[in-house]
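Read in order, the letters of the sequence shown are residues 3 to 341 in the numbering used here.
Note that beta-carbon positions come from the ideal geometry of N, C-alpha and C, so glycine has one too.
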Amino acid sequence: MEMYYSSIILNVFSSIIHDEKTSVNSKLIERKYDILGLGIVAVDDLFMVEKYPEADSKNRATGVTRQGGGLTGTALVAGSRLGARCAYGGILGKDELSNWTVEELEREGIDCSLTIRSSDVKPYHAIIIVDTTNHTRAIIFSDEGVQPRPIDTIDEDFVSQAKVILLDQLGIDVMLKTAQIAKNLGIPTVADIEREDHPKTRELLSLVDHLILSTNFAFRITGKSDPVEQVKAIHKDTNRECSGVTVGVKGCWYITKDNPDLVLHQPAFKVNTVDTTGCGDVFHGAYSAGLAWGWSVDNCMEFASATAGIKATKPGGRSGIPDKATAERFLKSDPEIYP
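Structure (structure tokens):
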């Protein structure tokens, strides 16, 4: 654990010395943001119930709350709470849900000046039923009006503003162009993809530098049920910095570019689980923050696992996301891990 904190101190000191400037295409530029995301944002209306409802039944909710959600939205909130400079560069509308989303992101310290506004666009809207007894949830969502950022607005000037680019599956062609530009500029990409039906999905996966997938999606694209075999298949024949597969309380199996023949394991930390909604998104946000700060893949994995675990102690995708000091105290306490 001492090595972990020594690494943090060294990376912070290094970033100060270099004034956070990076050489890109032989020009010194200063990155305005640590993390830039342009994918899915959502409005989540959560209904807490003691038991998941049966068909044709009427049930009283023990609690109702509205939170922001979405793969990219929640990952950016996690990054921002942890202290990373985050920006949302997608497209939203001018309706009540879009206005609420922008206000919520800005309240979390996320810069929305890059967000395009168009009257015919909406965010995802989800109804999430949370079973507080069994700690499970069901998500019912609408994607009416959801659109990706226009592809003709994706260029080097846009992409080069951040140290890390966060991708998901909202507009595969848009994500492909963003990933390719980022690769040309030497800017790392982190992605969480849940859609395999697009013909260019595998092309996008091949461009991502840090690809961390859920075991369910990994099964769909590899046909393998063992996470060790899944991550081997995902990493095979790539030059990717990191390939990972998350399996809930069983942790995350991953392979790094430096040791392509070695499958590593990051255990999940034991917590008082209330709701796992958004844990994967928080994991990606925390991982991206660590990457922007110059941490190693191993440190990013440990930090992301801790942050996602803490999030699970409160309902909803965002209410439990900790700040950096809380996550570091948690790790310093030598928490228990799941076997």
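Proximity below 8 Å, CB of residue i to CB of residue j
| i | j | result |
| --- | --- | --- |
| I323 | V51 | no |
| R68 | D47 | yes |
| G91 | L107 | no |
| G111 | S144 | no |
| E205 | L178 | yes |
| H200 | I174 | yes |
| A327 | A310 | no |
| V251 | A235 | no |
| G253 | Q268 | yes |
| W102 | V43 | no |
| F221 | S227 | yes |
| A314 | L84 | no |
| I167 | L266 | no |
| I139 | V176 | One detail in the question is off: residue 139 reads as Arg in this sequence, not Ile. Their beta carbons are not under 8 Å apart, which means R139 does not touch V176 by this criterion. |
| R242 | D211 | yes |
| D157 | C88 | no |
| T76 | I118 | no |
| F305 | T248 | no |
For residue i, the three-state DSSP class (helix, strand or coil)
| i | result |
| --- | --- |
| D175 | helix |
| W295 | coil |
| S245 | strand |
| I11 | A caution first: I11 carries a pLDDT of 35, below 50, which makes its placement in the model too unreliable to give a value. |
| V51 | strand |
| S144 | strand |
| H267 | strand |
| R139 | strand |
| L333 | helix |
| A1 | Nothing can be reported for residue 1: it is not among the residues displayed for the chain, which extend from 3 to 341. |
| E32 | strand |
| T385 | No information on residue 385 is available, as it lies outside the stretch 3 to 341 that the chain covers here. |
| Q163 | coil |
| T240 | coil |
| Y256 | strand |
| T134 | coil |
| Q232 | helix |
| Q69 | strand |
| I153 | helix |
| T24 | Confidence at T24 is low in this model, with a pLDDT of 39, below 50, so the placement of that residue should be treated as unreliable; the coordinate-derived value is given next. Residue state, collapsed to three classes: strand. |
| G319 | coil |
| T191 | strand |
| S16 | Annotation note: pLDDT 38 at S16 (below 50); position unreliable, coordinate value reported separately. Of the three classes helix, strand and coil, the one that applies to S16 here is helix, per DSSP. |
Residue i classed as buried or exposed, judged by whether at least 16 other C-beta atoms fall within 10 angstroms
| i | result |
| --- | --- |
| P64 | Residue 64 is actually Thr in this sequence, not Pro. Its Cβ having fewer than 16 others within 10 Å, T64 is exposed. |
| Y340 | exposed |
| P55 | exposed |
| I153 | exposed |
| G246 | buried |
| N186 | exposed |
| H137 | exposed |
| S162 | buried |
| G188 | exposed |
| L94 | buried |
| S100 | buried |
| E98 | exposed |
| E338 | exposed |
| S307 | buried |
| A128 | buried |
| V66 | exposed |
The ligand ATP heavy atom lying under 7 Å from the CB of residue i
| i | result |
| --- | --- |
| P125 | No copy of the ligand ATP appears in this structure; indeed no ligand is present at all. |
Proximity test, Cβ basis, 8 Å: residue i and chain B
| i | result |
| --- | --- |
| D133 | In the displayed structure, chain B is absent; only one protein chain is listed. |
Open item on the list: Contact between the region 304-324 and the region 59-73 is defined here as three or more beta-carbon pairs at a separation below 8 Å; is this criterion met?
Closed with: yes
- [ ] Run through the region 193-228 for me and flag every whole alpha helix (DSSP H) of 4 or more residues, listed as ranges in chain order.
- [x] 203-209, 217-224
Open item on the list: I'd like to know if the region 181-188 and the region 119-133 are in contact, where contact means that at least 3 CB-CB pairs between them fall below 8 Å.
Closed with: no
- [ ] Please determine if the region 136-156 and the region 289-297 are in contact, where contact requires at least 3 C-beta pairs separated by less than 8 Å.
- [x] no
- [ ] Only counting runs of 3 or more residues, tell me where the beta strand (DSSP E) segments fall wholly within the region 72-127, in order along the chain.
- [x] 88-90
TODO: Count the C-beta pairs between the region 185-194 and the region 160-176 that are closer than 8 Å, then say yes if the count reaches three, no if not.
DONE: Output reads yes: the region 160-176 touches the region 185-194.
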